[in-house]
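Below is one structure, written out as structure tokens; the observations come after it.
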């Protein structure tokens, strides 16, 4: 039985979605241990996005079964209109499952994806879009110079070498400061980073006056939605660790994998430290505490054998609670 008319039938039009869909995956199961600063980092990431990204775009977030505090924050921002679409999973489906859901559901022709620990600088999105506009068959563009493994960008290098109109240079071309900032966010020691920096090289490309570097990263990228759907679905092998499937498939199909020549985004990692905080951003001292490097406990924790044991114990504890939460 029906009484009356559905009110939506009286509305004659719908506003179309934005052509750009910004997407993010969140997973913060608790606010301690590895995830102690993750909610603050998520807030920092989203605040930088809202501040430094001009409309129009739609923001779509997939929460992979985070703790109540994180979900409460996301729902609050959804209610305030800062988030356009929020997907709340009742169990962790891993990054592949989140990507399958997000990329299939993206209403925009362009997908701008980022992990939840990415800081966005002013002008980040126009810089990405300019590369997509100028370069042919672009698969991924990342907003920071990268030296990702060459095998994942072999088709890009082949295209550059075969195109007379492309300026191609190779060598130590990016600055140490940017390289070190990114490797520090990955937990790499300065000695290891310095060795890798000196042993590797950059591939600089310039096409129609637009400079880029060879390579891209799956932690943050801008892609045509059609390209992402072409390489889907992503296999459900493990929650994290097989993200290279995306890199491989985009390269295998002959799409370009590129990165911007300066820092338009910054990977923060899971820990707030003063030297990596963008701009003038500060956090309460109780969150940072004493600098870890000045503590003998933390210095001991960097010893290879101690680090291996501690990481094993941490992984086992996390696995115990992860399995319980399924």
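Numbering (this note's numbering), first residue to last: 10 to 335.
Think of the CB as a built atom: it goes at the ideal place given N, C-alpha and C, for glycine as much as any other residue.
For a test of the three-state rule: what should DSSP assign to residue i, helix, strand or coil?
i	result
residue 58	helix
residue 303	Reliability of the predicted coordinates at residue 303 is poor, the pLDDT of 48 falling under 50, and no value is obtained from them.
residue 148	strand
residue 92	coil
residue 24	coil
residue 143	helix
residue 102	coil
residue 215	strand
residue 77	helix
residue 179	strand
residue 156	coil
Spatial neighbours of residue i within its chain, please: C-beta separation below 7 Å, excluding the five flanking residues on both sides.
i	result
residue 260	161, 162, 163, 164, 266
Report all residues from its chain with a CB closer than 8 Å to the CB of residue i; omit the five preceding and five following residues, and keep chain order.
i	result
residue 70	32, 33, 34, 35, 83, 92, 94, 95, 96
residue 253	161, 227
residue 136	152, 269, 273
residue 166	159, 212, 223
residue 174	216, 217
residue 296	Reliability of the predicted coordinates at residue 296 is poor, the pLDDT of 41 falling under 50, and the value obtained from them is presented with this limitation in mind. Cβ neighbours of residue 296 beyond the five flanking positions: 46, 49, 281.
residue 86	55, 92
Are the CB atoms of residue j and residue i within a distance shorter than 8 Å?
i	j	result
residue 275	residue 151	no
residue 245	residue 103	yes
residue 177	residue 171	no
residue 53	residue 128	yes
residue 99	residue 74	yes
Closest to residue i by CA distance: which of the options is it?
i	options	result
residue 27	37, 64, 155	64
residue 271	147, 85, 183, 24	183
residue 113	189, 242, 143	242
residue 147	73, 256, 181, 103	256
residue 89	237, 59, 240, 72	59
Within its chain, find whatever has a CB closer than 6 Å to the CB of residue i; leave out the 5 residues flanking it on each side and keep chain order.
i	result
residue 44	37
residue 180	210
Three-pair Cβ contact test at 8 Å for the stretch 110–123 versus the stretch 184–204: Touching, no, given that fewer than three Cβ pairs across the two stretches are closer than 8 Å.
Touch test, the stretch 206–218 against the stretch 74–92, Cβ-Cβ under 8 Å, three pairs minimum: Judged by Cβ distances under 8 Å, the stretch 206–218 makes no contact with the stretch 74–92, as fewer than three pairs qualify.
The stretch 103–122 in contact with the stretch 45–53 per 3-pair CB rule at 8 Å: Contact between the stretch 103–122 and the stretch 45–53 is absent, because fewer than three Cβ pairs lie under 8 Å.
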